[in-house]
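Residue numbers (our numbering): 14 to 1010.
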């Protein structure tokens, strides 16, 4: 009995065999089967793994009767498969015209596109189904439509050589020179695919034979390169294609024939007037290209046609260089027969023999040697052909060069011999062995102080090391080479072969070295041993080899004073760490400290290496050990937030309330850094031992202060859930001060909701409220929050300043505007120096703030209010050059004759100093008559009296300071930077509460 699921499957199964047969009898049989399935409610929308429905299958296989049965049951005939193709795409691709008609008559979208934006007409054109194309065009298909790469139906037909479709589309007037996304026209595509019939048609219809694509290639370039483009090339050349047209990289069609070895096509192009020695952007001629790719017939044709064999190409190389480098001996013979000096070097001083030695073709090398090439010739780097043969492990070439008399101990500019290069690259040791048998000296050091042993060790070539050791013991070699070859100590290598092998993890090479080099604790310039480097990089096998041979585990380096145990712990190499700890003596090595007092456990926690943490703890590491700053491993876990490491420490009894040199516990640090998971674990640990987590650091700050200051709301919420944090403890600069000064509105709101609105008027040691703090930093949202909870807008601190004064003095215009407008702050209040907010704004040159305050002042008495130095706002504004403020003050009735304690009017207050002010007063007195009772008169007499006094010393009091103490807000000592102090010794910062103002 058929189930619903099996019917879906059967419906596909009945349709799929149509792929294999189109016989009418079978079609009728399948039609009957489909009808039976449909009567039993088979799902017509079922999809296979390619998301194809039964309609897709029917359309692809010309099952028209089946499709007729399916379509009425479908809600949408345009459903697409995984590739985005509809049933119409499949029908067009397969050329089923009757099916296409059916689908179009049932509402199929003729311009539906697949995931590559190809439409049904693209596929019909590509497959050459001319009748289907005509049918689609008749139903309104766009003949100029483009896919994602801008291929049109004409491109599609041209690429597959469908001449009938091409002719039809051209008859419709489509643009035959339309480029795709790469700039290729249909003619480019046809040439590339060798469709000569299409090429002929396009040319006859007037296609541009010289049109360039995005890379500057013409159709002729494509015809010259393609596999089947010979006839296309003849058609193009015969119809006026430019044979010397260059692409953007300078290649002509002749270059393309040379690149792909198209011999007959190169002859056609040459006969059509191609320039033989034309150069591409690298300076290579077609002859260079042919030589590089070994096209002997092309080389012969080019030379016969007059190509210059001595012309330089890339890096100044001749075609012979390239042929020798690529190992084409027959090409080399052809090029040598033209006759030129084979020892002529390229731009780097390399001859053709250098190229042959590097390429490794013995036949090429012998050919050049027999022609008289100089085997001792050196390039600009001082390297002979033997250096290149050794560097590329070309044994036969090396054998031939040494046999010809090449010097095996020649030094290049770096001081390297061929043996150095062989030691670097020779994995099987064959070249190195041959050089040693021919008196190559393994003790020669290069300019860095390295010999062949160093290079073999660095690249892990065990066989090379064994071969060198068989000639001379390595310990003897290292000593004699150092003293005999390089007496200057500056040239002695500071890194031993042991260091190089250990650092790069070459344990097999290391096994050879430790047999001969007895000093396993040799140090490099920073004091690190081979074991230290192996542990640092995590090379377990190397660590094992060195430990088994007796390398010291507890040797400290010169800089950080760290051991290999520290190195392994720092980088989390747990296997190396276990090996080191297990073999260390004494047993307390697990707690060995570096130069900053840090233990391996601290470094593991710092970098979050949980496996190493557990390994160290299981070996008895002191969980509460302190460094030079008094910080434990738990402090580090709190700063970095590695929860697993913190859990491991707490499980092993770490004390969560240990204080560092600044009095901060891990709870302080986790709260400051916002690590909620770690903070929760620490609070839970503190509760388990009935300890108070709300202790303050050396400056009186609790964890709640730090969490609020840095705006870690989740930590604030967690801390406030603890009863001990629900009352104001520690520094009078409260958590609310900390929150608002850094614009942490969320934290501030939590504090008010939990602790009550009364805290908004809490004062610090200088009498400043949170409103002062918010005003100082211009945090308007925090101001609004505080004011909405009845913060006292006119509260004064110990210097008599209100929040408005503080904002005005610091030019916080947003705060000033809010306080004078929304909060109705009292503008008449004066600080201890009798300055109003207007005085303070003018004294610091904050013109906008002063204008905002002036806008709200209508009382002339307030306009002319004087401070302790008898200065009015006009004095101060004029002194600071606030033009707009002066203008506004004068407009509001500010007195121009008011005098300060020095007897100066606002005009004289503009003078840069008192001497200038007195001079100005004398001039003004002369310019205008004044009565003896006027302020200007008295000022003039005062000035004259001062200068006619018998004393020669003239002193004027400075303008009074607008604030009675030069204090200002400054930021907290940043806990976020705590991690830095885990590494470096820093001076204690004085970051007490009210001194943060």
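Glycine included, each C-beta is placed from N, C-alpha and C at the ideal position.
Would you kindly work out how many angstroms separate the C-alpha atoms of residue 748 and residue 915, rounded to a whole number?
Each residue's Cα considered, the two are about 46 Å apart.
Measuring alpha carbon to alpha carbon, tell me which of 870, 813, 824 ends up nearest residue 834.
For residue 834, the nearest C-alpha among the options comes from 870.
Keeping to the same chain, check which residues put their C-beta closer than 8 Å to that of residue 218; ignore five residues upstream and five downstream.
Cβ within range, chain order: 183, 189.
Assuming contact is defined by CB atoms lying nearer than 8 Å, are residue 909 and residue 918 in contact in what I supplied?
Yes; because the gap between Cβ atoms is below 8 Å, this pair is in contact.
Assuming contact is defined by CB atoms lying nearer than 8 Å, are residue 923 and residue 882 in contact in what I supplied?
In this structure, residue 882 does not lie closer than 8 Å to residue 923 by Cβ.
Relative to the alpha-carbon of residue 1, which residue among 319, 196, 206, 246 has its alpha-carbon at the smallest distance?
Since the first residue shown for the chain is 14 and the last is 1010, residue 1 is missing from the structure and cannot be characterised.
Bridge partners of residue 541, per DSSP?
According to DSSP, which records beta bridges pairwise, residue 541 is partnered with nothing at all.
Would you kindly report the start and end of the unbroken alpha helix (DSSP H) that includes residue 653?
Per DSSP, residue 653 belongs to the alpha helix (DSSP H) from 646-653.
Can you give me the C-alpha to C-alpha distance between residue 202 and residue 416, rounded to a whole angstrom?
In a straight line, the C-alpha of residue 202 is about 55 Å away from that of residue 416.
Return the residue from the list 543, 580, 84 that minimises the CA-CA distance to residue 549.
Checking every option, the nearest Cα to that of residue 549 belongs to 580.
Classify residue 133: buried if its beta carbon has 16 or more other beta carbons within 10 angstroms, exposed otherwise.
Buried.
Is the beta carbon of residue 754 sitting closer than 8 Å to the one on residue 790?
It is a contact, given that the beta carbons lie within the stated cut-off.
Grouping DSSP H, G and I as helix and E and B as strand, with all else coil, what is residue 450?
Three-state DSSP puts residue 450 in a helix.
Kindly provide the ranges of any alpha helix (DSSP H) runs that are 4 or more residues long and lie completely inside the stretch 134-169, ordered along the chain.
List check, alpha helix (DSSP H) in window: 143-151.
Grouping DSSP H, G and I as helix and E and B as strand, with all else coil, what is residue 126?
If DSSP states are grouped into helix, strand and coil, residue 126 belongs with the strands.
Who are the near neighbours of residue 394 in its chain, counting only those whose CB is closer than 6 Å to its CB and skipping five residues on each side?
Closer than 6 Å at the Cβ level, and outside the excluded window around residue 394, lie 425, 426.
In the DSSP assignment, what are the bridge partners of residue 132?
126, per the DSSP bridge assignment.
Which residues in the same chain have their Cβ closer than 7 Å to the Cβ of residue 627, if we skip the five residues on either side of it in sequence?
Around residue 627: 661.
Only counting the same chain, and skipping five residues up and downstream in sequence, which positions put a Cβ closer than 8 Å to that of residue 497?
Because the pLDDT at residue 497 is just 37, under 50, the model does not fix this residue reliably, and the value given afterwards should be weighed accordingly. The residues are 456.
For residue 270 versus residue 282, is the C-beta distance shorter than 8 Å?
Yes, the pair counts as a contact, with Cβ atoms nearer than the cut-off.
When the Cα atoms are used, what is the spatial distance from residue 690 to residue 538?
So the two alpha carbons sit approximately 43 Å from each other.
Kindly indicate the opening and closing residues of the alpha helix (DSSP H) around residue 383.
Per DSSP, residue 383 belongs to the alpha helix (DSSP H) from 375-383.
Within its chain, find whatever has a CB closer than 6 Å to the CB of residue 899; leave out the 5 residues flanking it on each side and keep chain order.
Excluding sequence neighbours, residue 899 sits near 890, 891.
On a CA-only basis, which of 388, 428, 429 is nearest residue 412? Give me that one, please.
Closest by alpha carbon: 388.
Near residue 758, which residues of its chain fall below 7 Å by C-beta distance, leaving aside the five closest residues on each side in sequence?
Excluding residues within five positions, the ones whose Cβ falls inside 7 Å are 794, 795, 798.
Closest to residue 683 by CA distance: which of 653, 552, 101 is it?
That would be 653, whose Cα lies nearest to the Cα of residue 683.
Cα-Cα, which of 489, 470, 827 is closest to residue 519?
Out of 489, 470, 827, 470 has the C-alpha closest to the C-alpha of residue 519.
Should residue 442 be labelled buried (16 or more other beta-carbon atoms within 10 Å of its own) or exposed?
With 16 or more other Cβ atoms within 10 Å, it is buried.
Please confirm if the stretch 101-121 is in contact with the stretch 138-151, defined as three or more CB-CB distances below 8 Å between the two stretches.
Counting Cβ pairs under 8 Å, three or more are found: they touch.
Between residue 857 and residue 821, what straight-line distance do the alpha-carbon atoms span, to the nearest angstrom?
For residue 857 and residue 821, the distance between alpha carbons rounds to 9 Å.
Output the residue ranges of the alpha helix (DSSP H) runs that lie fully inside the stretch 562-613 and measure 4 residues or longer, sorted by chain position.
List check, alpha helix (DSSP H) in window: 577-584, 587-596.
I'd like to check one pair, residue 804 with residue 784: are the Cβ atoms closer than 8 Å?
Contact flag set, yes.
Assign residue 936 to one of two classes, buried (16 or more other C-beta atoms within 10 Å of its C-beta) or exposed (fewer than that).
Its Cβ having fewer than 16 others within 10 Å, residue 936 is exposed.
Span of the alpha helix (DSSP H) holding residue 409?
Unbroken alpha helix (DSSP H) run through residue 409: 408-416.
Measuring straight from C-alpha to C-alpha, what distance separates residue 723 and residue 685?
For residue 723 and residue 685, the distance between alpha carbons rounds to 6 Å.
Measure the C-alpha to C-alpha separation of residue 650 and residue 587 and round it to an integer number of angstroms.
Each residue's Cα considered, the two are about 18 Å apart.
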